[in-house]
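Visitor: Sharing a structure here in structure tokens format.
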Amino acid sequence: MLAVLFWVITSLFFIVNILASIQPIYEMATTPGDLAFEKYVTVTDTEGHKISIRTQCMGPANKTDMTDTVVLLEVGGGSSGIDMIGLQSNLSEIYTTCTYDRAGYGKSSISEGAQPKSSVKNIMYQAMNQIGFPINSKEKRVVCIGHSAGGQLCRYYAEELKSIKGIFLLDSMPVNRWAVLIAKNTSADV
244 MLAVLFWVIT
254 SLFFIVNILA
264 SIQPIYEMAT
274 TPGDLAFEKY
284 VTVTDTEGHK
294 ISIRTQCMGP
304 ANKTDMTDTV
314 VLLEVGGGSS
324 GIDMIGLQSN
334 LSEIYTTCTY
344 DRAGYGKSSI
354 SEGAQPKSSV
364 KNIMYQAMNQ
374 IGFPINSKEK
384 RVVCIGHSAG
394 GQLCRYYAEE
404 LKSIKGIFLL
414 DSMPVNRWAV
424 LIAKNTSADV
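Numbering (this note's numbering), first residue to last: 244 to 433.
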């Protein structure tokens with residue numbers, strides 16, 4: 244029995260490592276070199292660690308050409324901003340759109356500590372400000388489009404930043420639904 248348990252745990256470990264390697268390999272194969280619309284910025288997390296963040300912006304670049312609405316794209320957990328390139332390129336025909344690789348994903352460097360949502364928001368905010376994306380503008384409406392875990396970040400950002408006037412959730416479950424699903428077979432009051 245112990246040998247079977249060891250085999251299962253070892254197999255799961257190798258599967259997780261293989262899956263964790265797929266995203267960077269896929270990205271290097273499909274986007275060799277630097278893309279014209281990507282830019283790297285250095286930000287500081289809430290614990291003072293420096294992190295290199297890759298941003299990707301498309302659409303009208305100068306502020307006079309921007310529409311009143313700009314779009315921030317947030318990817319799901321384990322993804323990089325390049326996963327939104329199809330949606331981003333379509334939206335960028337009308338809107339200025341930006342996405343980024345969160346710390347430790349895609350081509351951004353890994354953060355030394357855990358990243359609570361407040362630190363993720365702080366990193367996003369710094370990165371968007373450095374590239375000139377009007378994340379906290381009084382003149383522009385920011386719409387946040389989030390897939391999966393990125394949708395939950397959009398919800399959090401909308402609570403924290405007055406400039407975010409709308410969110411679109413793509414295959415994203417509200418946080419309180421997880422509690423209902425987990426507590427479904429218990430007597431916990433949710």
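We treat Cβ as the ideally placed atom computed from N, Cα and C, and that holds for glycine.
Where does residue 364 sit, in a helix, a strand or coil, going by DSSP?
Guide: Position 121 of the sequence shown, counted from the start, is the residue given in the question as residue 364. Residue 364: helix per DSSP, three-state reduction.
Visitor: Which term fits residue 361, buried or exposed, when burial requires 16 or more other beta carbons within 10 angstroms of its beta carbon?
Guide: Working through the sequence shown from its first residue, we reach residue 361 at position 118. It counts as exposed.
Visitor: Could you check which residue in 293, 395, 338, 409 has the C-alpha nearest to that of residue 415?
Guide: For this step, residue 415 is matched to residue 172 along the sequence shown. Per the Cα distances, 395.
Visitor: Could you say which of 406, 316, 296 lies nearest to residue 354 if we only look at CA atoms?
Guide: Numbered from its first residue, the sequence shown carries residue 354 at position 111. When each option's Cα is compared against that of residue 354, the closest is 296.
Visitor: Classify residue 471 as helix, strand or coil using the three-state DSSP reduction.
Guide: Any answer about residue 471 is impossible in this case: the structure gives the chain only from 244 up to 433.
Visitor: Considering residue 389, what are the terminal residues of the beta strand (DSSP E) in which it resides?
Guide: Residue mapping note: residue 389 aligns to position 146 of the sequence shown, counting from 1. Per DSSP, residue 389 is one residue of the beta strand (DSSP E) stretching across 384 to 390.
Visitor: Please return the same chain residues whose Cβ sits closer than 7 Å to the Cβ of residue 332, not counting the five positions on each side in sequence.
Guide: For the purposes of this step, residue 332 is taken as residue 89 along the sequence shown, with counting starting at 1. Take residue 332, set aside five residues on each side of it, and the residues of its chain with a beta-carbon closer than 7 Å to its own are 301, in chain order.
Visitor: Looking at residue 344 and residue 319, is the spacing between their C-beta atoms short of 7 Å?
Guide: Stepping through the sequence shown from its first residue, residue 319 is reached at position 76. Stepping through the sequence shown from its first residue, residue 344 is reached at position 101. Not in contact: residue 319 and residue 344 (Cβ atoms no closer than 7 Å).
Visitor: Measuring only the C-alpha atoms, how far is residue 252 from residue 245?
Guide: Numbered from 1 along the sequence shown, position 9 holds the residue referred to as residue 252. Numbered from 1 along the sequence shown, position 2 holds the residue referred to as residue 245. Whole-angstrom Cα-Cα distance: 11 Å.
Visitor: Buried or exposed: residue 326, going by 16 or more other Cβ atoms within 10 Å of its Cβ?
Guide: Looking up residue 326 in the sequence shown gives position 83. Flag for residue 326 reads buried.
Visitor: Would you mind sorting residue 275 into buried or exposed? The rule is 16 or more other CB atoms within 10 Å of its CB.
Guide: If you number the sequence shown from 1, residue 275 lands on position 32. Reliability of the predicted coordinates at residue 275 is poor, the pLDDT of 48 falling under 50, and no value is obtained from them.
Visitor: Determine the DSSP secondary structure at residue 327, reduced to helix, strand or coil.
Guide: On the sequence shown, position 84 is the one that residue 327 refers to. It is helical.
Visitor: Classify residue 287 as buried or exposed, calling it buried when 16 or more other Cβ atoms lie within 10 Å of its own Cβ.
Guide: The sequence position of residue 287 within the sequence shown is 44, counting from 1. Result: exposed.
Visitor: Roughly how many angstroms lie between the CA atoms of residue 357 and residue 329, to the nearest whole one?
Guide: Residue mapping note: residue 357 aligns to position 114 of the sequence shown, counting from 1. Residue mapping note: residue 329 aligns to position 86 of the sequence shown, counting from 1. Each residue's alpha carbon lies about 30 Å from the other.
Visitor: What separation, rounded to the nearest whole angstrom, lies between the Cα atoms of residue 257 and residue 248?
Guide: By 1-based counting over the sequence shown, the position of residue 257 is 14. By 1-based counting over the sequence shown, the position of residue 248 is 5. So the alpha carbons of these two residues sit roughly 14 Å apart.
Visitor: If I measure Cβ to Cβ from residue 411 and keep anything under 6 Å in the same chain, skipping five residues before and after, which residues do I get?
Guide: Along the sequence shown, read from residue 1 onward, the residue named residue 411 stands at position 168. Same-chain partners within the cutoff: 388.
Visitor: Strictly under 7 Å for the Cβ-Cβ distance: is residue 385 near chain C by that measure?
Guide: In the structure shown, chain C cannot be found, because there is only a single protein chain.
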